[in-house]
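Only one structure is covered here, and it is reproduced in the block below.
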Amino acid sequence: MEQRSMEIAQLIKQLGSTPKNAATVFSENRTLWQSLGFSQTQVALWLASLPQKNQQNKSSSDYQVTPDIAAHLVSLLQQAGGRMPLAQVLKKLPPGITTSEQQIRKLAQQHAQLDIKGPLLILVN
Numbered sequence: 086m087e088q089r090s091m092e093i094a095q096l097i098k099q100l101g102s103t104p105k106n107a108a109t110v111f112s113e114n115r116t117l118w119q120s121l122g123f124s125q126t127q128v129a130l131w132l133a134s135l136p137q138k139n140q141q142n143k144s145s146s147d148y149q150v151t152p153d154i155a156a157h158l159v160s161l162l163q164q165a166g167g168r169m170p171l172a173q174v175l176k177k178l179p180p181g182i183t184t185s186e187q188q189i190r191k192l193a194q195q196h197a198q199l200d201i202k203g204p205l206l207i208l209v210n
């Protein structure tokens, strides 16, 4: 395990001087990641968690930060006349975004422009 820690520390140091995207880091260090049980997606998340100076170049990032779902919901509701069933909202989320009805309800409670009325998500003016 100490050997892996040393390999990871060395990799972080290398990334500080030469940022790489997740696919490259994964393929160049496949043995290390396999020994840790990491997939390429997990490597991308690991890279995104590194301090800013060590992070990969954002334009080549395989891992994107979740978009502002609240802003997307407000936009959806504006287009739909101010109200939409939660079940329909879940189907109109951006690609790659998975969430639950409970999470949207919680988000609506915390957001000034969103409200829940029964099964509907409502845009508050």
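Here the working numbering is used: position 13 in the sequence shown is 98, and no number is missing along the way. Ideal Cβ positions, reconstructed from N, Cα and C, are used throughout, including at glycine.
| Item | Value |
| --- | --- |
| Measuring straight from C-alpha to C-alpha, what distance separates residue 93 and residue 114? | 10 Å |
| Can you tell me which of 198, 197, 210 and 193 puts its alpha carbon nearest to the alpha carbon of residue 204? | 193 |
| Here's a check: name, in chain order, each residue in its chain whose Cβ is nearer than 7 Å to the Cβ of residue 118, leaving out the five neighbours to either side. | 111 and 128 |
| Considering only the beta carbon of each residue, do residue 167 and residue 132 sit closer than 7 Å? | no |
| What would DSSP say about residue 135, mapped onto helix, strand or coil? | coil |
| Are the CB atoms of residue 177 and residue 161 within a distance shorter than 7 Å? | yes |
| What are the complete beta strand (DSSP E) segments, minimum 3 residues, inside the segment 161-191? | 168-170 |
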